[in-house]
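See structure below.
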Amino acid sequence: METLSYKLEAFEGPLDLLLTLIAKNKLNIYDIPITLLLEQYMEQIERMQSENLDIASEFLEMAARLVHIKSVSLLPKREEEEALRRELTGQLLEYQQCRETAEKLRAMVSFDRLVRPQSKIPADHAYKRHHAPEEMLAAYLSAMGRKRRLAPPTAEAFSGIVAKPVVSVASQIVFVLRSLWKRRCVPFRELFRGKRDSSERIAAFLAVLELVKGRRLRVEGDGDDCEIRLISGGE
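This is how it looks when you write it as structure tokens:
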């Protein structure tokens, strides 16, 4: 896929970024290749970090959502994956319609010149009680406190996750195959030995699922106390 260059200010949110990636790479919005789209999306997140740009929390939430869909797609049962794909496609189509409508309105109306006379709003006397200024101030401060508690987490809350380098699934596929090249059979836990970074462990787990899906590995083991072992498909 072609690498996309952009300025962060050009995007309204993660859906806007996804639509741009889909259009840039001429992907079918009804059958999105999640793996390719996830790689492109994470490249843009890394580019934001390299340029020291603030990453909004919704961009990180969408990254986690794409990883979840990718993980579900590697499991035998596909019903959940299809439901997640339909939900994402529906949101993208809805956002696409809103964006197209906004473009049409932008061409028709210039909001810099739109003026109207002041409307006369009649006073509403339904509320008869009177409050001291101190009570109004206390109510305002209480409402502002609830607003802060309900606000979404800031980008700094995710700094411990996104600040670390992202490990690709492809590199871990090579690692797993090399581990099995001579021994042909290794304990499952051994693949995670020495991997202290969560991104590296997740990538290794997804690599195993990819290889099992492609019938290049076979996972054997039964019982809670049994040691799960990975056996190459050719053995």
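The opening residue of the sequence shown carries number 1 in the working numbering; numbering runs sequentially from there.
Each residue gets a CB set at the ideal place from its N, CA and C atoms; glycine is no exception.
9 angstroms Cβ cutoff met for residue i and residue j
i    : j    : result
I244 : L60  : In this structure the chain extends from 1 to 235, so residue 244 is not present and cannot be described.
F188 : V212 : no
A203 : V169 : yes
L88  : R116 : no
G13  : E58  : yes
E81  : L75  : yes
S198 : E190 : no
Neighbour-count burial assignment, residue i, 16 or more Cβ in a 10 Å radius
i    : result
Y41  : buried
P133 : exposed
I69  : buried
E135 : exposed
A63  : buried
E220 : exposed
E100 : exposed
E103 : exposed
E94  : exposed
Contact belief for residue i with residue j at Cβ below 8 angstroms, rounded distance in angstroms
i   : j   : result
S73 : I34 : 6 angstroms
L21 : L38 : Not a contact, Cβ separation roughly 10 angstroms.
Own chain residues within Cβ distance below 7 angstroms of residue i, not counting five before or after
i    : result
E200 : V167
S71  : L206
L92  : L15, L18, L19, I29
G234 : Because G234 carries a pLDDT of 48, less than 50, the predicted location of this residue cannot be relied on, and the following value inherits that uncertainty. Cβ neighbours of G234 beyond the five flanking positions: none.
F192 : R201, A204
E79  : none
K195 : R201, A204
Close beta carbons around residue i, own chain, < 8 angstroms, minus the five adjacent residues each side
i    : result
K128 : none
Close-in-space but distant-in-sequence residues of the same chain around residue i (CB under 6 angstroms, 5 per side omitted)
i    : result
A126 : none
F11  : L17
L84  : I69
Quick check: the segment 210-218 against the segment 168-177, are there 3 or more CB pairs under 8 angstroms? yes
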